[in-house]
Amino acid sequence: MRQQTNILLIVTGFIIWLTAASPIAQAEQKSDQKKIKRGEYLVTVIGCNDCHTPSKMGPNGPEKDMAHMLSGHPQELAMPPAPILPPGPWMAALSATMTAWSGPWGVSFTRNLTPDKETGLGDWTEQNFIETLRTGRQLGKGRQILPPMPFEAFRNMTDDDLKSIYAYLRSIPALKNKVPDPIAPSQGQPADGHNK
Amino acid sequence: MVSRLFLRISVLGMFILTPAVIITGGNSPILTPPKLLSETGLYTNIHSKTVAKGNLLFAPQYPLWSDGAAKKRWIYLPPKQTIDARLIDDWVFPVGTKLWKEFTFGKRVETRYLEKIGKSSWIFAAYIWNGTETDAELVSEKGLKNYAEIAPGVRHDIPGLIDCKACHDGQGRDAVLGFNALQLSSDRDPNALHAEPFTHDMVNFNDLVKQKYITHAAQQYLDKPAVIEAVSPRARAALGYLNANCGGCHNSTDPLSSVGMFLKYMLAGHSGQRRLSTVVGHLSKYKIPDVPADQNFRILPGNAARSVIPYRMGTRNPYIQMPPLGTKIIDTIALNLITAWIKEDIQTNETTHIFHNKQRR
């Protein structure tokens, strides 16, 4: 019986080694890595970190806090009521972290994009991610995505680009950070964001 | 081929883009919805509201809540074409199928239109009625926010294309909702909320099979009309309401299955003993204000205050409400029903059964 188990383990191990070392597996792995690199490039150049990674003050002024990379508005940072803007052309206000934004839409907090299952995109499928950016609705069916998320531009990306971004976001460290829900204009802010 | 034009609109200062879908096939002409409702084939005489012969009137037993609108619905099937019901929860409609849904808030406000133009291609359109109700005009793909006042301070939105697709688009299924063996069952739930009375000029499932509009339906659904089995009449009505108002998105087969909450009542493989296992006693990621983070449940038996489903049904905060679109007025009757059902009919998980979802395909 023990001998049979040993043989089974050896065979299983061999199959695993063979599968991992097979040209197909290697090609797939290479393709995945390429996709992740492409996603990293896109996330960098289209500015995802600008809002989804909190800013902090550094020796040379504001800088991105990469220890909290792409984890959205810090849950421990409870924001006071948003300022009411005087009449005039100013429309929006933002937090020093660049993760909380106030305007005619109410107050929005940038989302945790890390693969944390509870607070990030951990449960999102690739299709969920693509449909969110294509439709401007959460998961393609839920509430509207709010400013300043420039999904109007991002929705024009190719499927391949969006898949690459998704692959990259799945590859980064999962950070537990529960971002608050957005606040609607009727919850204490004029609909147009201005004090009359 | 589907090509998209992107248009910019402003809503309360929010800028969003909505696509105008133009569906073409090779060198065939561009297919867009007719400009007027009178050109869609619903009426032979729109002035007298004479509906064309062959357009079948129907009423789902569990209608979607639409802020109290009175609704009428019709379906048209092309000659000699039939609905394939071999998958009882996933009917396949023939190319050429058309459906209309008319919304009345005291007067006719809009009529929505669906037309199947290819194996997996549908036209979505909405028409707004003129003041004299002599015709209705196609609304642009952007929709019309705050179009008509339906209650003091509440204005009805005409949906845009993205809104239509948010509900009707599924995963490899046809775009029709509310037209299936359960919704058209002759064994109608007398306690279903907001249901239009079934009248002699409406069709039900058995009629459609007898008249050969539907083929390949399993005999069992003819012998015993589909019904939601439940521990009480109230539970039956509650489950029917959740099926119609939540199950369109929250089911086990569409993209939102990743959320893992299944409220669509599936007939296939029905065992009668399954539980609302993805809902009852299931912790929610959503946090109700003033409820400790680990005490929020999708539904907590006997405790509606810690149940997220009634909480989100009971708000019209646009960022929290459920459903997230298509309604601006809380359905208080339904909220009372769901609350009572949670408090009194599902005291424990053990007493909750019969609601199930079965993975398809």
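Same order as they appear, the protein sequences are chains A and B. Per the working numbering, the first sequence starts with residue 839, numbered consecutively. Per the working numbering, the second sequence starts with residue -19, numbered consecutively. Beta carbons are placed, not taken as given, at the ideal position from N, Cα and C, and that holds for glycine.
For the region 281 to 300 of chain B, the set of positions with a beta-carbon nearer than 7 Å to some beta-carbon of chain A reads ASN297, PRO298, TYR299 and ILE300 in chain order. Of all residues in the region 959 to 977 of chain A, the ones placed with a Cβ closer than 9 Å to any Cβ belonging to chain B are ASP961, TRP962, THR963, GLN965, ASN966, GLU969, ARG972, THR973, GLY974, ARG975, GLN976 and LEU977, in chain order. Residues of the region 224 to 237 of chain B that bring their beta carbon within less than 8 Å of a beta carbon in chain A comprise CYS229, PRO235 and LEU236, in sequence order. Scanning the region 183 to 265 of chain B for uninterrupted alpha helix (DSSP H) segments of 4 residues or longer gives 185 to 190, 199 to 203 and 213 to 225, listed from N- to C-terminal end. Linking GLY980(A) to VAL156(B) through their CA atoms gives a straight-line distance of about 19 Å. In this chain, the alpha helix (DSSP H) harbouring ARG292(B) covers 288 to 293. Every unbroken stretch of the beta strand (DSSP E) spanning 3 or more residues and falling wholly within the region 865 to 944 of chain A is given here in chain order: 893 to 896, 899 to 902 and 938 to 941. Secondary structure of GLU121(B) (DSSP, three-state): coil. LYS96(B) is bridged by DSSP to TRP102(B). Listed along the chain, the chain A residues whose CB falls inside 8 Å of the CB of ILE142(B) are THR973, GLY974 and ARG975.
One finds nothing in chain B with a Cβ atom closer than 8 Å to the Cβ of GLU866(A); even the nearest lies about 23 Å away. Legend: CB atoms of the region 124 to 153 of chain B lying less than 7 Å from CB atoms of chain A belong to residues ILE142 and ALA146. Of the residues assessed, ALA865(A) falls on the exposed side of the cut-off, its CB having fewer than 16 other CB atoms within 10 angstroms.
Of all alpha-carbon atoms in ASN1015(A), ILE1021(A) and ILE968(A), the one lying nearest the alpha-carbon of LEU1000(A) is that of ILE968(A). Within chain A, no C-beta atom comes nearer than 8 Å to that of PRO272(B); the closest sits roughly 13 Å away. Taking all protein chains shown into account, ASN184(B) has 16 or more neighbouring C-beta atoms within 10 Å of its C-beta and is therefore buried. In the DSSP assignment, VAL134(B) is bridged to ALA131(B). Just measuring C-alpha positions, the residue of ASN898(A), LEU1007(A) and PRO919(A) sitting nearest HIS890(A) is LEU1007(A). DSSP places PHE159(B) outside both helix and strand once states are collapsed to three, so it counts as coil. Only MET929, GLY941, PRO942, TRP943 and GLY944 from the region 927 to 951 of chain A bring a Cβ to less than 8 Å from some Cβ of chain B.
Residue contact with chain B for LYS979(A): present (Cβ-Cβ distance below 8 Å to some residue of chain B).
In the three-state DSSP reduction, GLN982(A) falls in the strand class (E or B). Rounded to whole angstroms, the gap between the alpha carbons of HIS911(A) and GLU901(A) is 15 Å. With fewer than 16 other Cβ atoms from the protein chains shown falling within 10 Å of its own Cβ, GLY926(A) counts as exposed. At a cut-off of 8 Å between C-beta atoms, LYS244(B) does not count as an interface residue with respect to chain A. If you check the CB distance, ALA1012(A) and PRO953(A) come in under 8 Å. Under the Cβ criterion (8 Å, minimum of three pairs), the region 230 to 239 of chain B counts as touching the region 960 to 967 of chain A. Apart from sequence neighbours up to five positions away, the residues of its chain that approach GLU878(A) with a beta-carbon distance below 7 Å are TYR1006, ordered along the chain.
Residue pairing of LYS87(B) in beta bridges, as defined by DSSP: PHE85(B). In the DSSP secondary-structure assignment, LYS78(B) is bridged to TYR56(B) and GLU95(B).
Comparing C-alpha distances from LEU16(B) to each of HIS174(B), LEU141(B) and THR114(B) shows the shortest one belongs to THR114(B). Apart from the 5 residues on each side of it in sequence, ILE313(B) sits with its Cβ closer than 8 Å to the Cβ of LEU173 and HIS174 in its chain, given in chain order. Chain-order list of chain B residues neighbouring GLU956(A): LYS265, by C-beta distance under 9 Å. Contacts with chain B at 8 Å (Cβ-Cβ) include ALA1022(A). At a cut-off of 8 Å between beta-carbon atoms, PRO59(B) makes no contact with chain A.
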